[in-house]
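Q: Below is the structure I would like to discuss, written out as C-alpha cells.
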Amino acid sequence: MARTDAPGSRPRGRLLAGWALGVLAALLWSGVAPHDRGTWLLEVAPVLLAAPMLLATWRRYPLTTLLYGLITLHALVLILGGAYTYARVPLGFWLQDALQLGRNPYDKIGHFMQGLVPAMVAREVLLQRGYLHSRRMAAFLSVCVAMAISAVYELVEWAAALALGQGADEFLGTQGDPWDTQSDMLWALIGATVAVTLLLRWHDRQLRALRLSGTAIK
Numbered sequence: 030m031a032r033t034d035a036p037g038s039r040p041r042g043r044l045l046a047g048w049a050l051g052v053l054a055a056l057l058w059s060g061v062a063p064h065d066r067g068t069w070l071l072e073v074a075p076v077l078l079a080a081p082m083l084l085a086t087w088r089r090y091p092l093t094t095l096l097y098g099l100i101t102l103h104a105l106v107l108i109l110g111g112a113y114t115y116a117r118v119p120l121g122f123w124l125q126d127a128l129q130l131g132r133n134p135y136d137k138i139g140h141f142m143q144g145l146v147p148a149m150v151a152r153e154v155l156l157q158r159g160y161l162h163s164r165r166m167a168a169f170l171s172v173c174v175a176m177a178i179s180a181v182y183e184l185v186e187w188a189a190a191l192a193l194g195q196g197a198d199e200f201l202g203t204q205g206d207p208w209d210t211q212s213d214m215l216w217a218l219i220g221a222t223v224a225v226t227l228l229l230r231w232h233d234r235q236l237r238a239l240r241l242s243g244t245a246i247k
C-alpha cells in the first residue's frame with residue numbers, strides 16, 4: 030500500500046486534494062444560510078486567509094501530512110462554528126447532554142485547536158528552517174507562539190465587544206460565563222501542550238521524511 034505521508038507521492042497529492050475540496054465544500058455550505066452573516070464572516074476569516082496561501086505554497090514549501098491534516102480539521106471546526114455560531118453548534122449540544130455540562134462546549138474545541146495547530150506550525154517552521162536544533166526549546170517556543178495567538182484573539186474579541194456592544198454577543202459566545210476568556214486560553218494551552226508532547230514522535234517521523242525527500246522548507 031502506498032504511503033500517503035510520503036512527500037511528493039501521488040497518494041499524498043490525492044489526499045491533500047480531497048481535504049482541500051472538503052474544506053471548500055464545507056465553506057460553501059456554511060455560507061448559504063448561516064445563523065448570523067457577520068459572525069460567519071468573522072469566524073471563517075482565518076480559513077479565507079490561510080487557504081489561498083497554503084494552495085499557493087504546497088509544492089514549493091510543503092508541510093508534513095500531519096500538519097495539513099490538523100489544519101484541515103481546524104478549518105472545519107471554524108467553518109462549523111461560523112455556520113451555527115459556537116453557542117449553537119449541534120455537536121456541542123450533544124456533548125453538553127452527554128457530559129451533563131451547563132453550557133455548549135463547542136467553543137472550547139475551537140480554542141483547543143487554536144492552541145494545537147499554531148504550535149505545530151511553529152514547531153515545523155522552527156525545526157525545518159534550522160532556526161533551532163534543540164527539541165525542548167522548539168517545544169517551549171511553539172507553546173509561546175500558540176499562547177500569543179490565543180491572547181491576540183482574546184484582544185480581538187474585547188475590541189469587538191467595545192465596538193459592537195450587544196451585537197458582538199454571537200461572536201463572543203461567552204454564554205454568560207464570567208471566566209470565558211481564562212478558560213479559552215486554558216484550552217489553547219492544553220492544545221499546544223498536546224502538540225509538543227503526544228504528537229511529538231509522529232511529527233518528528235514526518236519531518237525526517239520531508240527532509241529526506243529534499244522538499245523541506247528552506
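Per the working numbering: the sequence shown = residues 30 to 247. C-beta atoms are modelled at their ideal positions from N, C-alpha and C, and glycine is treated no differently. What you are looking at is a predicted structure, and each value in this text was computed from that prediction instead of being measured.
If I'm right that valine 172 touches alanine 221 with Cβ under 8 Å, what's the distance once you round it to whole angstroms?
A: Working through the sequence shown from its first residue, we reach residue 172 at position 143. Working through the sequence shown from its first residue, we reach residue 221 at position 192. Confirmed, about 4 Å.
Q: Would you decide whether alanine 46 is buried or exposed? Buried here means 16 or more other CB atoms lie within 10 Å of its CB.
A: For this step, residue 46 is matched to residue 17 along the sequence shown. Its Cβ having fewer than 16 others within 10 Å, alanine 46 is exposed.
Q: Per DSSP, what kind of secondary structure is tyrosine 90 in: helix, strand or coil?
A: Against the sequence shown, residue 90 aligns to sequence position 61. Tyrosine 90: coil per DSSP, three-state reduction.
Q: Would the stretch 50 to 59 count as touching the stretch 100 to 120 if we require 3 or more Cβ pairs under 8 Å?
A: As far as the Cβ criterion goes, the stretch 50 to 59 touches the stretch 100 to 120, which means the pair count is three or higher.
Q: Assign arginine 165 to one of two classes, buried (16 or more other C-beta atoms within 10 Å of its C-beta) or exposed (fewer than that).
A: Here residue 165 is taken as the residue at index 136 of the sequence shown, counted from 1. The residue is exposed, with fewer than 16 neighbouring Cβ atoms inside 10 Å.
Q: Three or more C-beta pairs under 8 Å: does that hold for the stretch 65 to 80 against the stretch 206 to 220?
A: Result no; under three Cβ-Cβ pairs closer than 8 Å.
Q: If we call anything under 7 Å between Cβ atoms a contact, is leucine 99 one with valine 146?
A: Sequence index remark: in the sequence shown, residue 99 carries index 70 (1-based). Sequence index remark: in the sequence shown, residue 146 carries index 117 (1-based). A contact, by the Cβ cut-off of 7 Å.
Q: For methionine 30, does the count of other Cβ atoms within 10 angstroms reach 16, so buried, or fall short, so exposed?
A: Against the sequence shown, residue 30 aligns to sequence position 1. Bear in mind that the predicted position of methionine 30 carries a pLDDT of just 45, short of 50, making it too unreliable to give a figure here.
Q: Within a Cβ cutoff of 7 Å, which residues of the same chain sit near isoleucine 138, ignoring the five residues on either side of it in sequence?
A: Position 109 of the sequence shown, counted from the first residue, corresponds to residue 138. Val106, listed in sequence order.
Q: Using C-beta distances below 7 Å, list every residue in its chain close to glycine 60, excluding the 5 sequence neighbours before and after it, in chain order.
A: For the purposes of this step, residue 60 is identified with residue 31 of the sequence shown, where counting begins at 1. Taken in chain order, the residues that qualify are Trp69.
Q: Taking the Cβ atom as the reference point for each residue, do alanine 168 and valine 223 lie within a distance shorter than 7 Å?
A: Position 139 of the sequence shown holds residue 168. Position 194 of the sequence shown holds residue 223. Contact flag unset, no.
Q: Rounded to the nearest angstrom, how far is the Cβ of serine 179 from that of alanine 217, given a contact under 8 Å?
A: Here the question's residue 179 lines up with position 150 in the sequence shown. Here the question's residue 217 lines up with position 188 in the sequence shown. Rounded, the Cβ-Cβ distance is 4 Å, consistent with contact.
Q: Which full runs of the alpha helix (DSSP H) of 4+ residues lie inside the stretch 148 to 229, going along the chain?
A: Those alpha helix (DSSP H) runs which fall completely within the stretch 148 to 229 and span 4+ residues are 164 to 193, 198 to 201, 209 to 225.
Q: Select from Gln235, Gly110, Asn133, Pro63 the residue whose C-alpha is nearest the C-alpha of proline 75.
A: Residue numbering aside, residue 75 sits at position 46 when the sequence shown is read from its first letter. Selected option, being the one with the closest Cα: Gly110.
Q: Arginine 41 to serine 163, Cα distance in whole Å?
A: Mapped onto the sequence shown, residue 41 falls at position 12. Mapped onto the sequence shown, residue 163 falls at position 134. Approximately 29 Å between the Cα atoms of the pair.
Q: Entirely within the stretch 94 to 149 and at least 4 residues each: give me those alpha helix (DSSP H) ranges in chain order.
A: Whole alpha helix (DSSP H) segments, 4+ residues: 94 to 113, 119 to 128.
Q: Taking serine 59 as part of the alpha helix (DSSP H), name the residues at either end of that continuous run.
A: Against the sequence shown, residue 59 aligns to sequence position 30. Where serine 59 is concerned, the enclosing alpha helix (DSSP H) stretches over 39 to 61.
Q: Output the distance between the C-alpha atoms of leucine 96 and aspartate 126, rounded to the nearest integer angstrom.
A: As a first step, residue 96 must be located in the sequence shown, where it is residue number 67. As a first step, residue 126 must be located in the sequence shown, where it is residue number 97. Looking at the two C-alpha atoms, the distance is approximately 32 Å.
Q: Buried or exposed: where does leucine 156 fall if 16 or more other Cβ atoms within 10 Å of its Cβ makes it buried?
A: Along the sequence shown, one-based indexing puts residue 156 at 127. With 16 or more other Cβ atoms within 10 Å, it is buried.
Q: Under three-state DSSP, which class holds isoleucine 233?
A: Numbered from its first residue, the sequence shown carries residue 233 at position 204. Contrary to the premise, residue 233 reads as aspartate rather than isoleucine in this sequence. Here aspartate 233 sits in helix by DSSP.
Q: Here's the rule I'm using: 16 or more other beta-carbon atoms within 10 Å means buried, otherwise exposed. How should glutamine 211 be labelled?
A: Residue mapping note: residue 211 aligns to position 182 of the sequence shown, counting from 1. Its Cβ having fewer than 16 others within 10 Å, glutamine 211 is exposed.
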